[in-house]
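Residue numbers for the sequence shown follow this note's numbering, beginning at 2 and rising by one.
First the structure, in the form of C-alpha cells, and then the observations on it.
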Amino acid sequence: MIKLFLSDLDGTLMDEKMQMKDTDIEAIHRLHETTVRFGIVTGRDVGIYHHYIHPVLEFDMDYIGNNGGSILATGKKIYEMNMNTEDVYEMMKYVGDYYLEETYPFIADDHCNFYFHKKVPKDNFWCDTKSFMAQVGHVSEIDILEYLKNPQDKVIKASFYTREKDPTFMSKILRERYGDKFEITMSANHFAEMTTKGIHKGTAIQKLLEHHRLNADEVAVIGDGENDIPMFKMFPKHAFVMASAKPEIKAYGRVVDSVSQAINILLEEEKS
C-alpha cells in the first residue's frame, strides 16, 4: 500500500512559468484526502515552498529542497546539510575567474534572495536570466564573493546556469575539479547544481522515510530529470517518469503525461 507520493517540481509539477495545471492540483487534493501523504522533491530552495507551493496547494506537506540538502516534514524543517563556505568561496572565485562567459553561478537563501557575480558580462543572455530570478525572489546587490565571506544563512546549494550548446559542459568541469567535495548534477537543461558530497534526492528521501517510519515499497515517485535518477532507483516498483523526459531517463519508470495521471493510476491500483 502506498503511503507517500513524492513529486519533482520543475518539468513535472510546475512548468517554465512556475504554473501548475488545475488537473494536477485537483488530483493532489484528492490524494491528500486519502491516507497517502503528498510531498515534493526538488532542486529548488525552501523559499519556493513558502512563497509559491504552499499558497497554491494550501496544506502543509513534506518538502525536500536543494536537491536533498533541506528536508521539511509536514511543513517543518527536520534536516539540513550545509556546504563548507570556504570551499564554496574558492569554487565561485575559480568559476568567476575563468568561466563567466559561459556560466552564470548563483546561490539562494531560504528567503528567495539570490546572490550573483557582479562582473558577469551584461549581455542579453545574462540580463534575461537575472530578470527571471527577480520574478521568483530578490536579486541582491551584494556580490556573491562578498556575501560568502560572511553569509547570513547556511549555504545549502550552488547553482550554475550555462549557455553552452552542450548543457553538461559546466557539470563536467565542476566534477573534474570538485567532485571529491561536492555532489554535482544536472537538474534541467542548462542547469547544473552542487550540494555537499553524498547529499542528493535519494539520501534525503531515505531520511524522510526514517522520520515517517515508512518502507521503500510504500513510496511512489515522479520526475523528469537526471537529478531524479537516485529516487527512481530507490523505488523502481512505483517510479513514474514524465513523457517529456529524455529517452535515457524514461527507462527508469512508467511513462506518464502528468502528475494527475500518475495519481489516478495509484488510486486505481489501491482499489484493486
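Glycine residues also receive a C-beta, built at the ideal position from the N, C-alpha and C atoms.
- Partner residues in the beta bridge of residue 5, as assigned by DSSP, are 38 and 220.
- Around the beta carbon of residue 106, a 10 Å sphere encloses 16 or more other beta carbons of the protein chains shown; the residue is thus reported as buried.
- Here residue 114 is bridged, per DSSP, to 139.
- If you draw a straight line from the Cα of residue 245 to the Cα of residue 135, it is about 27 angstroms long.
- DSSP places residue 205 in the helix class (H, G or I) of the three-state scheme.
- Between residue 201 and residue 231, the C-beta spacing is below 8 angstroms.
- Across the structure, residue 25 and residue 99 are spaced so that their CA atoms are roughly 43 angstroms apart.
- Residue pairing by DSSP places residue 66 opposite 71 in a beta bridge.
- With contacts defined by Cβ atoms closer than 8 angstroms, residue 195 and residue 184 form a contacting pair.
- For residue 10 against residue 219, the beta-carbon gap comes to about 22 angstroms, at or over 8 angstroms, which does not count as contact.
- Around residue 144, the same chain offers 118 and 119 as residues with beta carbons nearer than 7 angstroms, after the five sequence neighbours per side are excluded.
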